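In the working numbering, the protein residues as written are 0 to 165.
We put the CB at the ideal spot given by N, CA and C, even for glycine.
Predicted model only: the values in this text are computed from it and were never measured.
Each remark here refers to the structure printed beneath this line.
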């Protein structure tokens, strides 16, 4: 095992994967334990990619449990790390998570965060050179656009909501 070989890198990734799996099984305490360990080990070895992914996943676990302040903190750090090392997938997802946290009582802030996330997604999409890939790229990101449209509709901004829905 990774522990037997004292492979800290392998342990960090294993704990991240276990945490994500336990979250899908809705076993949040176990998910949190494994993800917190992944964060700790990733910091220890300086693996910023795994750190960003683990922090983002930990934010999701906190959000699932209604621990919004903890989720916001984890998403913010995940975003900061991901932006610094150009891991765009975690960057936009963390912004989206921050937007979801803000949408509870700060709709103006949520709008700005969703817009930043969409800007990152659109830049990623624009960098794709093969048209068939570009067209399908947004498919697993539709919930971000849905959240933006819903927020705008709630604010009475139907015209802008329609633009995002396209």
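Report all residues from its chain with a CB closer than 8 angstroms to the CB of residue 19; omit the five preceding and five following residues, and keep chain order.
30, 34 and 56
Could you tell me which uninterrupted alpha helix (DSSP H) segments, each at least 4 residues in length, are contained entirely in the region 71–131, listed from first to last along the chain? 87–101 and 106–125
query: Which whole-angstrom value is the C-beta distance of residue 54 and residue 38, which I expect to be below 8 angstroms?
result: 6 angstroms
_Buried or exposed, going by whether 16 or more other CB atoms sit within 10 Å of the CB of residue 97?_
buried
Next item on the list: Report yes or no: do the region 133–149 and the region 83–101 share at least 3 C-beta pairs separated by less than 8 angstroms?
Entry: yes
Margin query: Taking 9 angstroms as the threshold (C-beta atoms), are residue 80 and residue 22 in contact?
Written below: no
Check your understanding: Is residue 159 helix, strand or coil when you go by DSSP?
Key -> helix
When burial is assigned at 16 or more other CB atoms within 10 Å of the CB, is residue 73 buried or exposed?
buried
request  = Could you have a look at residue 22 and say whether DSSP puts it in helix, strand or coil?
outcome  = helix
**Asked** Rounded to the nearest angstrom, how far is the Cβ of residue 100 from that of residue 67, given a contact under 8 angstroms?
**Response** 5 angstroms
Please state whether DSSP places residue 66 in a helix, a strand or coil. coil
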